[in-house]
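Peer 1: Here you go, one structure.
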Amino acid sequence: MSAGLERVAAALFASQLLSTCASGFAQPEMLAIIDKPTQESRAELAQAVSDGLNGASVTLADDALTRDSRLIIEKAHPRDASGVPLSGRDRDKPEIFRLVKSGERCVLVHERTGKRTTLASTRCLPK
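Residue numbering for the sequence shown follows the numbering used here, starting at 4 and increasing by one per position.
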């Protein structure tokens, strides 16, 4: 084999070896749900959603993200005393967040912006 071919073969081998090694360190992400939520994890989730919505106040159910990996947040609209919306037709799109497990971490992803927030106080399971 010529010296040039040996160098090409060595480079290809090294490239394959590096990609194989690197793939062993990759953390695949999978959809997740919260396991055994606590007051701390609920507060952390509410803060992450609020931060994702530029500080807007949010109210979340205690079981948010415990049965489904998607969290859909709709904007609250003022209503009259009988519950009828004051503004008529609602044209606002809801904001969607999804929970993923990345390695051992629980990560909340805001679908519209792609912003990712690690939930350090939250334990999650693959869905």
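For every residue, glycine included, the Cβ atom is placed at its ideal position computed from N, Cα and C.
#1: Are the region 94-114 and the region 73-85 touching, with three or more C-beta to C-beta distances below 8 Å?
#2: Here's the rule I'm using: 16 or more other beta-carbon atoms within 10 Å means buried, otherwise exposed. How should G55 be labelled?
#3: Is L63 closer than 8 Å to A49 when the C-beta atoms are compared?
#4: S60 by DSSP, collapsed to three states: which one?
#5: Between which two residues does the alpha helix (DSSP H) holding L48 run?
#6: Going along the chain, which unbroken runs of the beta strand (DSSP E) with 3 or more residues stay wholly within the region 64-121?
#7: Looking at the unbroken beta strand (DSSP E) that takes in A35, where does it start and where does it end?
#8: Roughly how many angstroms lie between the CA atoms of M33 and V87, to the nearest whole one?
#9: Excluding the 5 residues preceding and the 5 following H113 in the sequence, name in chain order all residues of the same chain whose CB lies nearer than 6 Å to its CB.
#10: Measuring only the C-alpha atoms, how far is V110 from R45?
Peer 2: On the basis of the coordinates in this document:
#1: yes
#2: As a working note, residue 55 is residue 52 in the sequence shown. Flag for G55 reads buried.
#3: Here residue 49 corresponds to residue number 46 of the sequence shown, with the count starting at 1. Here residue 63 corresponds to residue number 60 of the sequence shown, with the count starting at 1. It is a contact, given that the beta carbons lie within the stated cut-off.
#4: As a working mapping, residue 60 is identified with position 57 in the sequence shown. Note: S60 maps to coil in three-state DSSP.
#5: Locating residue 48 in the sequence shown gives position 45, counting from the first residue. Where L48 is concerned, the enclosing alpha helix (DSSP H) stretches over Q42 to G55.
#6: 73-76, 98-105, 108-113 and 119-121
#7: As a first step, residue 35 must be located in the sequence shown, where it is residue number 32. Here the beta strand (DSSP E) through A35 covers E32 to I37.
#8: Here residue 33 refers to the residue found at position 30 when the sequence shown is read from its first residue. Here residue 87 refers to the residue found at position 84 when the sequence shown is read from its first residue. M33 and V87: Cα-Cα distance of roughly 40 Å.
#9: Your numbering for residue 113 matches position 110 in the sequence shown. Excluding sequence neighbours, H113 sits near G55 and F100.
#10: Taking the first residue of the sequence shown as 1, we reach residue 110 at position 107. Taking the first residue of the sequence shown as 1, we reach residue 45 at position 42. Using only the alpha carbons, I get a separation of about 14 Å.
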